[in-house]
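Structure first, then comments.
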Amino acid sequence: MTATHTYVHRVTQGGASIGSILRSELAMSRQVLIRLKRSGEVLLNDEPAYLKALARVGDVLTVTLREEKTPTVDAEDIPLDIAFEDDYLTVVNKPPGLVVHPTKGYMTGTLAHALAFHWQVQGLPQVFRPVHRLDRDTSGLVVIAKNPHVQAVLTNQQQSGEWEKHYLAVVKGELASSAGRIDAPIARVGNGSRARVVAAEGRAALTLWQRLEVLSGASLVRAQLVTGRTHQIRVHFAHIGHPLIGDDVYGEPSPLIARQALHASEIAFTHPITRQRMSLTAPLPRDVVELLEKLGAARV
Numbered sequence: 000m001t002a003t004h005t006y007v008h009r010v011t012q013g014g015a016s017i018g019s020i021l022r023s024e025l026a027m028s029r030q031v032l033i034r035l036k037r038s039g040e041v042l043l044n045d046e047p048a049y050l051k052a053l054a055r056v057g058d059v060l061t062v063t064l065r066e067e068k069t070p071t072v073d074a075e076d077i078p079l080d081i082a083f084e085d086d087y088l089t090v091v092n093k094p095p096g097l098v099v100h101p102t103k104g105y106m107t108g109t110l111a112h113a114l115a116f117h118w119q120v121q122g123l124p125q126v127f128r129p130v131h132r133l134d135r136d137t138s139g140l141v142v143i144a145k146n147p148h149v150q151a152v153l154t155n156q157q158q159s160g161e162w163e164k165h166y167l168a169v170v171k172g173e174l175a176s177s178a179g180r181i182d183a184p185i186a187r188v189g190n191g192s193r194a195r196v197v198a199a200e201g202r203a204a205l206t207l208w209q210r211l212e213v214l215s216g217a218s219l220v221r222a223q224l225v226t227g228r229t230h231q232i233r234v235h236f237a238h239i240g241h242p243l244i245g246d247d248v249y250g251e252p253s254p255l256i257a258r259q260a261l262h263a264s265e266i267a268f269t270h271p272i273t274r275q276r277m278s279l280t281a282p283l284p285r286d287v288v289e290l291l292e293k294l295g296a297a298r299v
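Residues in the sequence shown are numbered from 0 upward in steps of one, following numbering that gives the first Met the number 0.
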């Protein structure tokens, strides 16, 4: 299937070449510009133009990108909770227990398969391009790009710290302070395990947190990821003696919930095309609501 992506952009700062405008204002990568140079699918005020041509304020650039893509995975009719969708990206509120992409142990029944079906119904290419991931048993918001350019822009935003990601977690015990920060490097355990540990030789990792409520033998926490290491929130709270309720890797299983009590509740980023600031939220899933009720939460 050939996918066609067209971008229309009105120039706001004149005197620069089309190529430099596409880099600075549409965040198009060098690879994308090379493809455009070869294809010649760049219009300036509806006329063919070279990337080195100069543009003036008010000029309209129209850029068309084409790609030949086959489906990443087979389509499977799996229910989805779509938090946001447009021509450029999809944001899903992932339920607990759903793997994001196929792995050796999960070759079917993943979010990738579900979105392949969702896009197939719309007549769109079924190519899965997640900008980030969540663990199988972590619920909440996941952002998926619909083309390589959007994926590259959002990935760059995330790596440069432009994203804001907040999680709600229920941790064991009463946190002594109302807020704090956990600044502790995280490293792989080794031996092929996905488990992580706080270690001096690890990568820098910073989590900011607020205690929202003291519960019966637990605390409800809002955590912000400043960095995005694997299992970061789980590792950090276990490190300070407050593992997540139900975390059987860094804590212990719980009869109150069948997974770690962790939900990606809020995400904010700049839309890669419109440049508008996006802020999305996802309500708590039923199992976390029931956990909070069992622990005597004042408000759920």
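The C-beta atom is built at its ideal place from N, Cα and C for all residues, glycine as well.
A Cβ-Cβ contact shorter than 8 Å links residue 222 with residue 168. A residue is called buried once 16 or more other Cβ atoms fall within 10 Å of its Cβ, and residue 141 is buried on that count. Nearest C-alpha to residue 281 among 38, 164 and 144: 164. Straight-line spacing of the CA atoms in residue 258 and residue 245 works out to 5 Å. Nearest C-alpha to residue 230 among 152, 249, 253 and 50: 249. Counting only runs of 3+ residues, the beta strand (DSSP E) found wholly inside the segment 168-235 occupies 178-182, 185-187, 195-197, 205-213 and 217-224, in chain order. DSSP lists 268 as the beta-bridge partner residues of residue 277.
When only Cα atoms are considered, residue 11 and residue 21 end up about 12 Å apart. One thing to note: residue 5 has its Cβ within 8 Å of the Cβ of residue 61. Secondary structure at residue 111: helix, using DSSP grouped into helix, strand and coil.
In the three-state DSSP reduction, residue 36 falls in the helix class (H, G or I).
Contact check for residue 206 and residue 233: beta-carbon distance about 10 Å, past the 8 Å limit, so the pair fails to qualify. Contact annotation: residue 152 and residue 71 have beta-carbon atoms that are not nearer than 8 Å. Taking all protein chains shown into account, residue 93 has 16 or more neighbouring C-beta atoms within 10 Å of its C-beta and is therefore buried.
Secondary structure note for residue 84: its beta strand (DSSP E) is the uninterrupted segment 81-84.
Beyond the five residues adjoining it in sequence on each side, residue 201 comes within less than 6 Å, by CB distance, of 184, 185 and 186 in the same chain, given in chain order.
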